[in-house]
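Counting in our numbering, the sequence shown runs from 5 upward without gaps. Worksheet for the structure shown next.
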Amino acid sequence: MIRFEHVTKRYADGTAAVDDLSFEVAEGELVTLVGPSGCGKTTTMKMVNRLIEPTSGRILLDGEDIATIDPVQLRRRIGYVIQQVGLFPHKTVLENTATVPHLLGWKRARARERAAELLDLVGLDPGTYGDRYPDQLSGGQRQRVGVARALAADPPVLLMDEPFGAVDPVVRERLQSEFLRLQSQVRKTVLFVTHDIEEAVRLGDRIAVYGQGTIEQFDAPAAVLGAPATPYVADFVGADRGLKRLSVTPVEDGDLEQPPVVHLDDRLPRKLGARWAVVLDADENLHGWISAERAATGTGTVRERARRMEAWLPVGASLKQAFATMLQHDAGWIAIIDEREKGRFLGVLTPARLHEALRRSIGADARDVPRDEVDVETVSSR
Ligand SMILES: Nc1ncnc2c1ncn2[C@@H]1O[C@H](COP(=O)(O)OP(=O)(O)OP(=O)(O)O)[C@@H](O)[C@H]1O
């Protein structure tokens, strides 16, 4: 979809902001560009919508060399979101959002309708916020309007330059979650610039870690964290990358242990064959758990002795959420259910299995690192 071929940008004073860059962003993929200040991220991005022209090399959009496309036409195909949102102060939120459809010559009613739809999509009620002016919004709300405006003409490509950089960490996390939800619906091809590795890891399908004008590693977040390509990348992602990996590794079916299972209407078993068993209802949905001790000291059915289960998560939740849930409930294991199937019980995750899952994910992502050579705590470089 977006393809860089040996692209170099040298400014008049000789600075090579970007040096012989080649990479590709697939359709519907979100790639984060991350690196320290001045490494060339913004220059890379601005070359895509021709705000900056490369010194050499070429950039293809859907196979077409962008140098041959009229910049105004090109920019209509590309949504652009920046940190200083750049909303027009004298226009309402609705008018701001409808800017591009207006420029494209849409009828006023249709443009406003589309703008209202998009405000809804980014979590702003058009009835409440549509007629306000930008200075009547919080920073986070302004960013949402910026995203809505960039999406208004439904461009296939989005360029986002530190779009959530100006808001506090709490709002920022919320905007990131909302954006991920939005992206799962609209599936744009996105280039996202950030200097924050946490943000890069959380949002990117793949991450490009920049050195000085070049990409040091271009890979899935789990692979960058699990097997940094160079000491520079290892240093940049930080010594706590094992912890960061937890947030990008989902719990999968294959990670789970299968404990003994009893059903609510079973007669209490004399012996469980384990210290505890999971209790399911007649539909195989999770109800709770029962200890061997409570099973042995009662009569009647499991229902009367079972305890409710607090510590559970849906499959696909991150290992970080799983770990946090274990800590929160002081639990040695948590139940994993399938929310898409009305909460069907899938198995349990234990600390040992969590550790295994981390190894599994590094093995899967960093294909050239043999699984048995992966040490979750100490992998530093290949
Ligand atoms: N117009 C310009 N003339 C000369 N040098 C420039 C110009 N614009 C940028 N540079 C230099 O090019 C390099 C890359 O800049 P760029 O803005 O792409 O970095 P960045 O990674 O986006 O940094 P930041 O995170 O601080 O925004 C820097 O060394 C910068 O000083």
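Yeah, the Cβ is synthetic: ideal placement off N, Cα and C, and Gly gets one too.
Would residue i and residue j qualify as a contact pair, given that the criterion is a beta-carbon distance under 8 angstroms?
i	j	result
Arg7	Ile86	no
Asp259	Leu353	yes
Ala156	Ala120	no
Ala282	Ala339	A quick correction: the sequence has Val, not Ala, at residue 282. Cβ atoms of Val282 and Ala339: closer than 8 angstroms.
Arg116	Leu98	yes
Ala4	Pro273	The chain is shown only over 5 to 386; residue 4 falls outside these bounds and no answer can be derived.
Asp66	Met5	yes
Cys43	Gly277	no
Val126	Met164	no
Thr96	Asp135	yes
Leu123	Ala152	yes
Indicate, with yes or no, if ligand 1 has a heavy atom lying under 7 angstroms from the CB of residue i.
i	result
Tyr84	no
His106	no
Gly90	no
Thr46	yes
Ser41	yes
Thr19	yes
Tyr15	yes
His94	no
His199	yes
Does DSSP put residue i in a helix, a strand or coil?
i	result
Lys45	helix
Lys13	strand
Ala278	coil
Val241	helix
Gln216	coil
Gln262	coil
Ser365	helix
Asp24	strand
Val228	helix
Val383	Only weak support exists for where Val383 lies, its pLDDT of 37 falling under 50; the coordinates are left without a value.
Pro254	strand
Arg249	helix
Leu388	Outside the modelled stretch of the chain, which goes from 5 to 386, sits residue 388, for which no answer is possible.
Met5	coil
Arg136	coil
Thr101	helix
I believe residue i touches residue j by the beta-carbon criterion, under 8 angstroms. Please report the beta-carbon distance rounded to the nearest angstrom.
i	j	result
Leu229	Ser322	Actually they do not touch by this definition, with Cβ atoms about 13 angstroms apart.
Arg80	Asn53	Contact doesn't hold; Cβ gap of about 10 angstroms is too wide.
Leu350	Asp200	Their Cβ separation, rounded to whole angstroms, is 34 angstroms, which puts Leu350 and Asp200 out of contact at 8 angstroms.
Ala326	Leu362	With a Cβ gap of about 11 angstroms, Ala326 and Leu362 do not count as contacting.
Along the chain, which unbroken stretches of the alpha helix (DSSP H) at least 4 residues long are found entirely within the region 48-91?
List check, alpha helix (DSSP H) in window: 75-80.
What alpha helix (DSSP H) runs, 4 residues minimum, are completely inside the region 157-212?
If we require 4 residues or more, the alpha helix (DSSP H) runs fully inside the region 157-212 come out as 173-190, 201-207.
Those runs of the beta strand (DSSP E) which lie wholly inside the region 288-357 and span at least 3 residues:
Counting whole runs of 3 or more residues, the region 288-357 contains the beta strand (DSSP E) stretches 290-295, 316-318, 338-342, 348-353.
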